[in-house]
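Participant: If you use this note's numbering, the sequence shown corresponds to residues 5 to 213, in order. Just so it is clear, CB atoms sit at the ideal spot from N, CA and C, and this is done for glycine as well. This structure is a prediction, so every number in the text was calculated from the model and none was measured.
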Amino acid sequence: MNSVLNLKEIEKRAFRSTYQDGLWDIYYGLVVISMGFFIYHPKTGYSWINIAMMVGSLLIAYSLFYLGKKFITFPRLGQVVFGETRKQKKRLMILFISIVVSFQVLLLLATAFGWKLGFSEGRLNEHLLVSLIASLIVYAGMTIITYFSDFLRGFYISFLMALAVFLMVYFNQIIYAVAIGLIIVIPGIVLLVRFLYRYPLIKIEDHHE
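1) Considering just the uninterrupted stretch of the alpha helix (DSSP H) at Ser-162, what are its terminal residues?
2) CB-CB under 8 Å to Phe-170, same chain, minus the five flanking residues each way: which ones, in chain order?
3) So is Phe-41 buried or exposed if we call it buried at 16+ other beta carbons inside 10 Å?
4) Taking 9 Å as the threshold (C-beta atoms), are Tyr-44 and Met-146 in contact?
5) Kindly confirm or deny that the region 177 to 190 and the region 53 to 72 touch, where touching means at least three C-beta pairs closer than 8 Å.
6) For the alpha helix (DSSP H) that Thr-42 lies in, which residues bound it at each end?
7) According to DSSP, simplified to helix, strand and coil, what is Tyr-23?
8) From Arg-95 to Thr-48, what does the alpha carbon distance come to, in whole angstroms?
9) If you pair each beta-carbon of the region 187 to 202 with each one of the region 20 to 39, do three or more pairs fall below 8 Å?
10) The alpha helix (DSSP H) with Ile-4 in it runs from where to where?
11) Roughly how many angstroms lie between the CA atoms of Leu-132 and Asn-176, to the nearest whole one?
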């Protein structure tokens, strides 16, 4: 029994070790900034430029994450293959996220339908409600991901992401996305630098007789 518990603890530590490089922090921070491009509504009107900038920044964020894992993390720590319990936990996480997000989307649609029927009391309350619902969607999804992933820093990142969404929707200012995104990215960069110093890449030379 103890050996089973020890193996589970080792697996959990190995899983958490994949977050030492700070790449997830950098990725989530850049995602927040990209969300700002999408949510921001210029006075001249919403245009395809918003979507293009969001997609472009998301591609940059994912590319940096993928390349970082491939060329920085995996050569130093290796790629861990986790057991069936961990895989089942991941599937459960996806199911919970789907349920929560679906519920929140339905709530958002019901709220929008209520505005159309005149149930809302003014523009200010309407805007505040949309901001709250949008931030709750992000917070619920991110918190569940954090819990099932054993990503402890994810709890404060979840809060910051939800705060960023609320401020962006309510005030319609992209500066909030950039500022909060940088608050998430900068510690990630610090962790990445520390990771590089802690795990230098060792070159293995072949000696031929």
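Facilitator: So, to answer that:
1) Walking along the sequence shown from the start, residue 162 turns up at place 158. Looking at the DSSP string, the run of the alpha helix (DSSP H) that includes Ser-162 is 158 to 175.
2) Position 166 of the sequence shown, counting from 1, holds the residue named residue 170. The residues are Ser-135, Leu-136, Ala-138 and Ser-139.
3) If you number the sequence shown from 1, residue 41 lands on position 37. Buried is the call here.
4) For the purposes of this step, residue 146 is taken as the residue at position 142 of the sequence shown. For the purposes of this step, residue 44 is taken as the residue at position 40 of the sequence shown. No, the pair does not count as a contact, with Cβ atoms beyond the cut-off.
5) no
6) Residue 42 sits at position 38 when you count from the first residue of the sequence shown. The amino acid at residue 42 is misidentified as Thr; the sequence shows Phe. Its alpha helix (DSSP H) spans residues 27 to 43.
7) Walking along the sequence shown from the start, residue 23 turns up at place 19. If DSSP states are grouped into helix, strand and coil, Tyr-23 belongs with coil.
8) Stepping through the sequence shown from its first residue, residue 95 is reached at position 91. Stepping through the sequence shown from its first residue, residue 48 is reached at position 44. Approximately 43 Å between the Cα atoms of the pair.
9) Yes, they touch.
10) Look at the range of the chain in this structure, 5 to 213, and you will see that residue 4 is not part of it.
11) Along the sequence shown, one-based indexing puts residue 132 at 128. Along the sequence shown, one-based indexing puts residue 176 at 172. Going from the Cα of Leu-132 to the Cα of Asn-176 covers about 12 Å.
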